[in-house]
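**Student:** If you scroll down you'll find the structure; I have some questions about it.
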Amino acid sequence: MDWILVTEQALNGLQFGLMLFLLAAGLTLVFGIMDMINLAHGSLYMVGAYLMAAALQASGSFGLAVLASLAGTAAFGMLLEVSLLRRLYARDHLSQVLATFALILICNEGVRMIWGEQPVLLNTPAALSGPVELLPGLMYPAYRLLIIGVGLGVAALLYVLVTRTRVGMWVRAGASNRAMATAMGVNIRWLFTAVFGFGAALCALAGSLLGPLLAVQVGMGESILILAFVVIVIGGIGSIRGALVGSLLVGLVDTCSRTLLPATLRQLASPEVASNLGPALASILIYVLMAAVLFWKPQGLFPARG
Amino acid sequence: MRKSLLHHRGLGLWALPLLALLAAMPPLLMALGMEFYISVLSRMLIFAIAASSLNLILGFGGMVSFGHAAFVGLGAYTVGILMDAGITSAWIAWPAAMLVSALAAALIGSVSLRTRGVYFIMITLAFAQMFYYLVISLKAYGGEDGLPLPARILKDDAQYYWLLLAITAAVMFALQRLINSPFGRLLQGSKENEQRMSAVGASVFAVQWQAFIIAGALAGLAGALLANMNGLVTPHMLHWSQSGQLMVMVIIGGAGGLYGGALGAGVLLLLEEVLAGYTLHWQMALGLLLLAVVLFAPQGLGGLLKRARHE
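Heads up: the sequence lines are chains A and B, in that order. Here the first sequence is numbered in the working numbering, starting from 1 and rising by one per residue. Here the second sequence is numbered in the working numbering, starting from 1001 and rising by one per residue.
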């Protein structure tokens, strides 16, 4: 095992973790402030990816397509919030699960009706398709570097937004005590819609950036949704900081264990055992991580409610 | 005497005409030339068991488990693996399936029940995912493609249906007795107010843990029955979407109603079957219907029926 492989995998893990963070940040805010389980959060990610693919075909410009997808998905998310989800805040978690499960079915089928069953394959923008030599001997795809950059930028922006602005203060107040925040004059209704739209835009950003790396297809939202839930539970529901730490942890553990674990196993056991057990162990590892965190810290690493 | 609010009246003697009607379905369907629907009914019965077992912990115990499909799948895999080893007798395989699922439930429950609320939902999901990836890694038993069963019990659809009907009726009766027993009262009391239950001297953890294990065993039985019907065991049986489907069944049927799970299983599978016959985009219609249930029937269909009876 050489250091190039390890560094490469660490960078991949960082990139995946940052994209997870984009989803988890929105999810944890919706969850923390509105106490709402939104299973359809992954559907916003899917819608964002499809909108970006459609806009890319229409305009030919990668940047324009991403912006169009952000705006479109944010509008879609706010529309959903105003028309449907708003009615669910006062209901129990079970009703929210059922309603948002129904939304998943509707979104998946809707996308299938519009764009068809076949996955849409996107190319990375031509200017970024080549590799970059980071260190002597370490080549890394430029597009993935862009994703890391954007992810870090958004994380910094969110940090400033949440900890340094008035809106961010309202959001934090809402997450730690909703009733008190309302009593202090925060317009929670408007705040909810705005947060939901913002979360949808973050989903769209993750969807459009990951689109060229993964296939854009129906059902892409569900697998990543589960990971995003794992992230926010590890981090502590309602906490942006927790979402960031959880995302990086899950992204790094998941990505690195996928390549490094089978390699390590090969040195310890027969190749046959390693090739059978390796991938399964790697997939299981993040769930073991989550179960362990909940075992010792049942409220996650950074509980938002004191 | 007025019965306690925690008492749940069963169908009583009304169960007999219902059972007679269900038992008469196979010859009726055959006479109509719709033999295919016998297996649809069989699926409904199996999922009625699985959903009712989830309803025991979710509806009556307040434990929202998002990993119930793991127990169904483990039961199915137990049957498949035993059969692969040459043990084809259902007398051995099905109890073994219940035992394996019960053991898994004991393990998962002992850790998960330390957490509450959303964290409980997520940790049960996490354990289910672990088992999902575990069976995928079982290359000797088909890995991702699943494991075909070399032999099936009661290959005749109608005969198997009658067997399922008998088992389902027995399970429903047993659940009714359990829920109305002192243990059932403790379980429902723990859902309503944990602190008070422990104040009167009940061990909330023990009650919830035992209910979790019973639910796991029943889900394992459903898995064994499903494996025998399909002649195939696949990792998909443990997929989280299957857990979600079971939850949806319980919620639309009415969580905490005696027949909520069975009702929901019947309605959801029937809807899927009917809608799929009309349109390729049946999931859209199903989604819209589920939304309507959430918005207009907060207690599920069971609650709707109850309200209609009272008015």
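C-beta atoms are modelled at their ideal positions from N, C-alpha and C, and glycine is treated no differently.
(1) Any beta carbon from chain B within less than 9 Å of H93 (chain A)'s own beta carbon?
(2) Check each candidate in A:L67, A:F62, A:R91 and name the one with the smallest Cα separation from T124 (chain A).
(3) So that I know if they touch, is there some Cβ in chain B lying closer than 9 Å to that of R87 (chain A)?
(4) Apart from the five residues on each side of it in sequence, which residues of its chain come closer than 7 Å, Cβ to Cβ, to P1150 (chain B)?
(5) Checking contacts by CB at 9 Å: is T1168 (chain B) closer than that to chain A?
(6) Please name the residue or residues paired with A139 (chain A) in a DSSP beta bridge.
(7) Starting from L1006 (chain B), follow its DSSP beta bridges and name the residues at the other end.
(8) Taking CB distances under 9 Å as the criterion, tell me whether L1283 (chain B) reaches chain A.
(9) Thinking A175 (chain A) and G238 (chain A) are a contact (beta carbons under 8 Å), I'd like their distance in whole angstroms, please.
(10) Assuming A1211 (chain B) and L1054 (chain B) make a contact with CB atoms under 8 Å, what is their CB distance in whole Å?
(11) Below 9 Å between beta carbons: does that hold for A1102 (chain B) and A1217 (chain B)?
(12) Should T165 (chain A) go down as buried or exposed, given a rule of 16 or more other Cβ atoms within 10 Å for buried?
(13) Can you tell me which of B:R1307, B:V1171, B:L1288 puts its alpha carbon nearest to the alpha carbon of L1045 (chain B)?
(14) Please list the partners that L1238 (chain B) has in chain E, where partner means a Cβ-to-Cβ separation under 9 Å.
(15) Would you grab the beta carbon distance between I286 (chain A) and D254 (chain A) for me? Rounded to a whole angstrom, and I think it's under 8 Å.
(16) Compare the C-beta of V1274 (chain B) against all C-beta atoms of chain A and say whether one is closer than 9 Å.
(17) When the cut-off is 9 Å and only beta carbons count, does K1306 (chain B) lie next to chain A?
(18) What residues from chain B crowd round S270 (chain A), counting only those whose CB sits closer than 7 Å?
(19) Distance cutoff 9 Å, beta carbons only. Does Y287 (chain A) sit that close to anything in chain B?
(20) Between L1178 (chain B) and the rest of its own chain, which residues show a CB-CB distance below 8 Å, the 5 nearest in sequence each way excluded?
(21) For a test of the three-state rule: what should DSSP assign to M1001 (chain B), helix, strand or coil?
(22) Can you pull the chain A residues whose beta carbon is under 9 Å from the beta carbon of F1060 (chain B), in chain order?
(23) On the DSSP letters alone, give me the boundaries of the alpha helix (DSSP H) that Y1278 (chain B) sits inside.
(24) Between which two residues does the alpha helix (DSSP H) containing M1249 (chain B) stretch?
(25) Let me make sure I understand the geometry here. Which of A:L20, A:F21, A:I33, A:V250 has the alpha-carbon closest to that of V195 (chain A)?
(26) In the structure shown, what three-state DSSP assignment does P1148 (chain B) receive?
(27) Check whether chain B comes within 9 Å of Q299 (chain A), counting only Cβ atoms and requiring the distance to be less than that.
(28) Beta carbon of A1070 (chain B), beta carbon of S1181 (chain B): below 9 Å?
(29) Can you tell me whether L268 (chain A) is helix, strand or coil according to DSSP?
(30) Helix, strand or coil for L70 (chain A) per DSSP?
(31) Can you tell me whether L1232 (chain B) is helix, strand or coil according to DSSP?
(32) Given a threshold of 16 other Cβ atoms within 10 Å of its Cβ, counted over all protein chains shown, does V218 (chain A) qualify as buried or as exposed?
(33) Looking only at its own chain, which residues have a Cβ that is under 6 Å from the Cβ of F101 (chain A), when we skip the five neighbours before and after it?
(34) Taking 9 Å as the cut-off, decide whether the C-beta atoms of L1221 (chain B) and L1263 (chain B) are in contact.
(35) At 9 Å on the CB atoms, spell out the chain A contacts of A1265 (chain B), in chain order.
(36) What residues in the region 1078-1094 of chain B bring their beta carbon closer than 8 Å to a beta carbon of chain A?
**Tutor:** Let me spell this out:
(1) yes
(2) A:F62
(3) yes
(4) M1083
(5) no
(6) Sequence inspection shows Met at residue 139 (chain A); the Ala mentioned does not correspond to that position. M139 (chain A) is bridged to A:E133.
(7) Paired residue(s): none; L1006 (chain B) is not in a bridge.
(8) Residue identity differs from the one stated: residue 1283 (chain B) is Gln in this sequence, not Leu. Taking Cβ atoms only, chain A reaches closer than 9 Å to Q1283 (chain B), which makes this a yes.
(9) 4 Å
(10) Actually they are not in contact, since the Cβ atoms of A1211 (chain B) and L1054 (chain B) sit about 11 Å apart, beyond 8 Å.
(11) yes
(12) exposed
(13) B:V1171
(14) Looking for chain E here will not work: the only protein chains present are A and B.
(15) 5 Å
(16) no
(17) no
(18) Correct list: empty, because the minimum Cβ distance to chain B is about 13 Å.
(19) yes
(20) L1056, G1184, I1214
(21) Here the model assigns M1001 (chain B) a pLDDT of 45, short of 50, so the residue's position is not dependable, and the following value carries that caveat. Note: M1001 (chain B) maps to coil in three-state DSSP.
(22) Those within 9 Å of F1060 (chain B) in chain A number zero; the least Cβ separation is about 13 Å.
(23) 1260-1278
(24) 1240-1253
(25) A:I33
(26) strand
(27) yes
(28) no
(29) helix
(30) helix
(31) strand
(32) buried
(33) L39
(34) no
(35) The premise fails here: A1265 (chain B) is roughly 15 Å from chain A at the closest Cβ pair, so nothing lies under 9 Å.
(36) none
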